[in-house]
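There are 2 protein chains.
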Amino acid sequence: MSEIQSLARGLKILNLLAESEDSVGITEIADYLGMDKSSISRVMQTLASYGYAEQDSITRRYRLGPQVVVLGQTLLERTPLRDQARPYLQQLVDRTGECAHLGVLAQGQVLYLDQVESSATLRVNTRIGTLAPLHCTALGKALLSYAPLDPPDQLAAFTTRTITNHEALRVHLDHARRQGYAVDDEEYNYDVRCVAAPVFDHARKVVGAIGISGPAGRMSLERIPGTAAIVCEVAKALSNRFSFRPR
Amino acid sequence: MSEIQSLARGLKILNLLAESEDSVGITEIADYLGMDKSSISRVMQTLASYGYAEQDSITRRYRLGPQVVVLGQTLLERTPLRDQARPYLQQLVDRTGECAHLGVLAQGQVLYLDQVESSATLRVNTRIGTLAPLHCTALGKALLSYAPLDPPDQLAAFTTRTITNHEALRVHLDHARRQGYAVDDEEYNYDVRCVAAPVFDHARKVVGAIGISGPAGRMSLERIPGTAAIVCEVAKALSNRFSFRPR
DNA sequence: GGGTTTGTTGCTCAATATACAACCGTGTTT
DNA sequence: AAACACGGTTGTATATTGAGCAACAAACCC
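Chains as they are written, first to last, in the numbering used here: chain A, 1 to 247; chain B, 1001 to 1247.
See the structure below:
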């Protein structure tokens, strides 16, 4: 598969700008890509002229430009799953008291498309637009358990509980598939447990997953089966909106 | 100013994908850019491999990819003005009963960065991430009245009330600057009136504008001065958060 | 004020993106 | 049902174009 190099460079730079907390200088980018700064300078001028990057008027360094907001919001608003899922996320929050999330598969990761916050003082907050690994999040595992997709080669460890062994993950996913929901037991963040279930469309294809996240104290292991039942029920109701028919 | 053509092509295509309601075929894109479809095919593969575009598995047509959401949300969350403005927008809604918006200058247009909805049954709803012209929106005119920026060459007409004459616009903006707020009197959408005021930073530079929008019935011309006073007051309060000092 | 760092511009040459054409898979038409 | 039309993908040669070098400009820091 041939790719347009100069376009790829531009996109890589956009990703870099997104990953960098602060603005980025042209020399840093050149080092990062192993290119000359003059080349990068021209790339940045192009990105800037289309609004994808923006140059700070005093520091002359670059950051993301407003056009990425235009694109991002356009796609968000255009995703039917998001609108459809909203009331079901709300239902999850009402019935469990924990924050609810909607995630989809994107680039081999989970992309958080929506969140409904709970009213609890201590609560889990995951920004919309965040990417997270598949193998250690409840949403990710829910997606993985039904998606025709191989888990990534390297299973990075985030806590001591993260599953880093491929065989163990396979067994874990099989189990999740059989029970209809996936659990993240402090595998990504300490003190956070999550439960999620997949959402299917009319063709029995996974289109996303919804789930809840809460502090480990409230989300005790004994409470998991009960909340999991709620998550499964709501996920099924959402699937039905896509005329999903279980076999 | 030299620009990287192949990168520019890719960005143009992203813009096209955003503008098209539905997914777009490769041939359409090729026609649009006056290029061969084989070239576009490769461009799309590149965009897709970085998650900026996505190919529909059945129709094989393209739409925006998840990565644009990642970038967009990243920038939104990173914009301090947005966090700062939130409570002030809320205050506008509470005190006027109309929807409140935050806008910034982007690419010679107004970019809507945030919205707080009112509880009225009939209300104005402008999506976050929308771009609108400067010369016929209250936010746009508020920005224009203080920004060191020329209005666009062509002043497009959206209603019969849109100001399409440069000299008339200059006079109008002078007036807006003197009174401290700008009004859109059904100049962009029929039955919608808006009032907005600029927000300044410590260097007395315009960083954005906040305002309210409502149906022409409730937003009667007699009511405008009263609501404008509120908008100005709140905008000033927000400016103060940026240690703005009036001269 | 000189030295250092950072971003921009001119210019040349080789890499690379483009168009042509052939190919392949779908859906449509008669 | 077979042929056809349509849309997307791949191979390849050539000419465009973008990369690097080097000089330049501007800001920053001792």
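No residue lacks a Cβ here, since even glycine has one placed at the ideal position from N, Cα and C.
Under the three-state reduction of DSSP, which class applies to residue i: helix, strand or coil?
i                         : result
glutamine 107 of chain A  : coil
proline 1151 of chain B   : coil
cysteine 1136 of chain B  : coil
leucine 71 of chain A     : helix
serine 1213 of chain B    : strand
glutamate 1233 of chain B : helix
leucine 1221 of chain B   : coil
leucine 1122 of chain B   : coil
tyrosine 112 of chain A   : strand
tyrosine 1188 of chain B  : coil
valine 101 of chain A     : Correcting the residue type first, residue 101 of chain A is histidine in the shown sequence and not valine. It is a strand residue.
alanine 1203 of chain B   : coil
tyrosine 52 of chain A    : coil
glycine 1010 of chain B   : helix
alanine 156 of chain A    : coil
tyrosine 181 of chain A   : coil
arginine 1061 of chain B  : coil
glycine 1208 of chain B   : strand
proline 1198 of chain B   : strand
arginine 1127 of chain B  : coil
arginine 1161 of chain B  : coil
Cβ of residue i within 8 Å of Cβ of residue j?
i                         : j                         : result
valine 192 of chain A     : proline 215 of chain A    : yes
aspartate 94 of chain A   : leucine 102 of chain A    : no
tyrosine 258 of chain A   : alanine 1106 of chain B   : In this structure chain A extends from 1 to 247, so residue 258 of chain A is not present and cannot be described.
aspartate 184 of chain A  : alanine 138 of chain A    : yes
leucine 111 of chain A    : valine 1024 of chain B    : no
serine 2 of chain A       : serine 1006 of chain B    : no
alanine 168 of chain A    : valine 195 of chain A     : no
arginine 127 of chain A   : glutamate 1077 of chain B : yes
threonine 1068 of chain B : valine 68 of chain A      : A small fix is needed here, since residue 1068 of chain B is valine in this sequence, not threonine. For valine 1068 of chain B and valine 68 of chain A, yes; Cβs fall inside 8 Å.
glycine 1010 of chain B   : glycine 10 of chain A     : yes
histidine 166 of chain A  : proline 151 of chain A    : yes
Under 8 Å Cβ to Cβ from residue i, same chain only, skipping five residues before and after it: list those, please.
i                            : result
isoleucine 1013 of chain B   : Ile1029, Leu1033, Ile1040, Val1043, Met1044, Leu1047, Ala1053
glycine 1072 of chain B      : Gly1129
phenylalanine 200 of chain A : Tyr146, Val206, Val207, Ser239, Phe242, Phe244
threonine 162 of chain A     : His135, Cys136, Leu155, Ala156, Glu187, Tyr188
leucine 64 of chain A        : Leu14, Leu17, Ala18, Tyr52, Ala53, Glu54
phenylalanine 158 of chain A : Pro133, Cys136, Glu187, Tyr188, Asn189
Go ahead and label residue i buried or exposed: buried means 16 or more other beta carbons lie within 10 angstroms of its beta carbon, across all protein chains shown.
i                          : result
valine 1171 of chain B     : exposed
asparagine 1189 of chain B : buried
glycine 217 of chain A     : exposed
proline 1066 of chain B    : buried
leucine 75 of chain A      : buried
methionine 219 of chain A  : buried
isoleucine 4 of chain A    : buried
threonine 59 of chain A    : exposed
threonine 160 of chain A   : exposed
By Cβ distance, which residues of its chain are closer than 7 Å to residue i, with the 5 residues on each side in sequence left out?
i                        : result
tyrosine 1088 of chain B : Ile1210, Val1234, Ala1237, Leu1238
alanine 1197 of chain B  : Ala1142, Gly1180, Tyr1181, Ala1209, Ile1210, Gly1211, Val1231, Cys1232, Ala1235
glutamine 109 of chain A : Leu131, Ala132, Pro133, Leu134
Skipping 5 residues on each side, what residues in its chain have a beta carbon closer than 6 Å to that of residue i?
i                         : result
leucine 122 of chain A    : Pro215
cysteine 99 of chain A    : Glu117, Ser118, Arg123, Val124, Ser213
threonine 27 of chain A   : Lys37
alanine 176 of chain A    : Lys141, Ser145, Ala182
arginine 267 of chain A   : What is shown of chain A runs 1 to 247, which leaves residue 267 of chain A out entirely.
glutamine 1091 of chain B : Val1234
Q | Contact residues within the segment 1106–1133 of chain B, judged by C-beta distance below 7 Å to chain A | A | Ala1106, Gln1107, Leu1111, Arg1127, Ile1128, Gly1129, Leu1131
(Q) Please list, in chain order, the residues of the segment 89–104 of chain A that have any C-beta partner in chain B closer than 9 Å. (A) Val104
(Q) Give me the subset of the segment 64–79 of chain A whose CB atoms are less than 9 Å from a CB atom of chain B, sorted by chain position. (A) Leu64, Gly65, Pro66, Gln67, Val68, Val69, Val70, Leu71, Gly72, Gln73, Thr74, Leu75, Leu76, Glu77, Arg78, Thr79
Q.
Closer than 7 Å between beta carbons: that is the criterion. Which residues of the segment 23–52 of chain A meet it against chain B?
A. Residues passing the 7 Å Cβ filter: Arg42, Val43, Gln45, Thr46, Ser49, Tyr50, Gly51, Tyr52.
**Q.** Near-chain B residues of the segment 180–191 of chain A - C-beta to any C-beta below 7 Å
**A.** none
Q: Output, in sequence order along the chain, the residues in the segment 1007–1024 of chain B whose CB is closer than 9 Å to any CB in chain A.
A: Leu1007, Ala1008, Arg1009, Gly1010, Leu1011, Lys1012, Leu1014, Asn1015, Leu1017, Ala1018, Glu1019, Glu1021
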